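See structure below.
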Amino acid sequence: MKRAAPTPWNPSRTATARVKNPLPAPTHCPFCSATVEIVSNEHIYGRAYGDWPWAYRCTGRKCHAYVGLHPFTNIPLGTLADAPTREARKRAKTAFNPIWESGRMTRAEAYAWLAGALGIDNVEECHIGWFDVQTCQRVVAACLKLAKELQP
Numbered sequence: 017m018k019r020a021a022p023t024p025w026n027p028s029r030t031a032t033a034r035v036k037n038p039l040p041a042p043t044h045c046p047f048c049s050a051t052v053e054i055v056s057n058e059h060i061y062g063r064a065y066g067d068w069p070w071a072y073r074c075t076g077r078k079c080h081a082y083v084g085l086h087p088f089t090n091i092p093l094g095t096l097a098d099a100p101t102r103e104a105r106k107r108a109k110t111a112f113n114p115i116w117e118s119g120r121m122t123r124a125e126a127y128a129w130l131a132g133a134l135g136i137d138n139v140e141e142c143h144i145g146w147f148d149v150q151t152c153q154r155v156v157a158a159c160l161k162l163a164k165e166l167q168p
């Protein structure tokens, strides 16, 4: 018998097994305590994006927090983020990605370095998508410091 197409309510077992360090599905918003629902990302962006257009979204009216899902699963890509958190994460990724994209380090080595720089003991818990605004600011500072140290 053929298995039904994956949805967040019927996720792919194979895709779910690929996620190495899954976060639990959010039930309440950390910003306003409202409940959280799964929606098509069309409700966030005005049109659907990607092959897996699903996100967890806060049902509250003020914070507009959301986070996408790992493809073909119901596992969040990170923690819910309001606008300031999303902006901080973008700045952190902009500062961090050149470290491994330059070829000086692999992506895994760069995350190991970042975990050490932030004092995170378990590198598997070092994900920019899990960070709050203050931790993202620390990411940017650590990356700028490293860039300065690597200058000839």
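Count along the sequence shown starting at 1, add 16, and that's the number in my numbering. Ideal placement from N, C-alpha and C gives every residue a C-beta, glycine not left out. Note that the coordinates shown come from a computational prediction; the quantities given were computed from them, not determined experimentally.
Query, Result
"Within 10 Å of its beta-carbon, does Ala163 have 16 or more other beta-carbons around it, so buried, or fewer, so exposed?", "exposed"
"Any idea what DSSP makes of Pro92, helix, strand or coil?", "strand"
"Within the continuous alpha helix (DSSP H) that includes Val139, where are the two ends?", "Where Val139 is concerned, there is no enclosing alpha helix (DSSP H), given that its DSSP letter is neither H nor E."
"First and last residue of the alpha helix (DSSP H) that includes Ala104?", "Ala99 to Glu117"
"In terms of residue numbering, what span does the alpha helix (DSSP H) encompassing Cys159 cover?", "Val149 to Leu166"
"Going by beta carbon distance, what residues of the same chain come within less than 8 Å of Glu141, once the five residues before and after it are set aside?", "Asn37 and Ala131"
"Measuring CB to CB, does Ala50 end up less than 8 Å from His44?", "yes"
"Exposed or buried, what is Ala111 when buried is set at 16 or more other beta-carbons lying within 10 Å of its beta-carbon?", "buried"
"In angstroms, rounded to a whole number, what distance separates the CA positions of Thr32 and Glu165?", "40 Å"
"Give a yes or no on contact between the stretch 66–75 and the stretch 84–98, applying the rule of three or more CB pairs nearer than 8 Å.", "yes"
"Just list the residues that DSSP pairs Glu125 with in beta bridges.", "Glu125 is not bridged to any residue."
"What are the uninterrupted segments assigned as beta strand (DSSP E) that are 3 or more residues long and contained completely in the stretch 47–71, given in chain order?", "52–56"
"Express the C-alpha separation of Pro42 and Cys159 in angstroms, rounding to a whole number.", "30 Å"
"What does a CB cutoff of less than 7 Å around Val156 pick up in its chain, not counting 5 residues either side in sequence?", "Arg107, Ala108 and Ala111"
"Can you find at least 3 beta carbon pairs, one from the stretch 77–84 and one from the stretch 94–104, that sit closer than 8 Å?", "yes"
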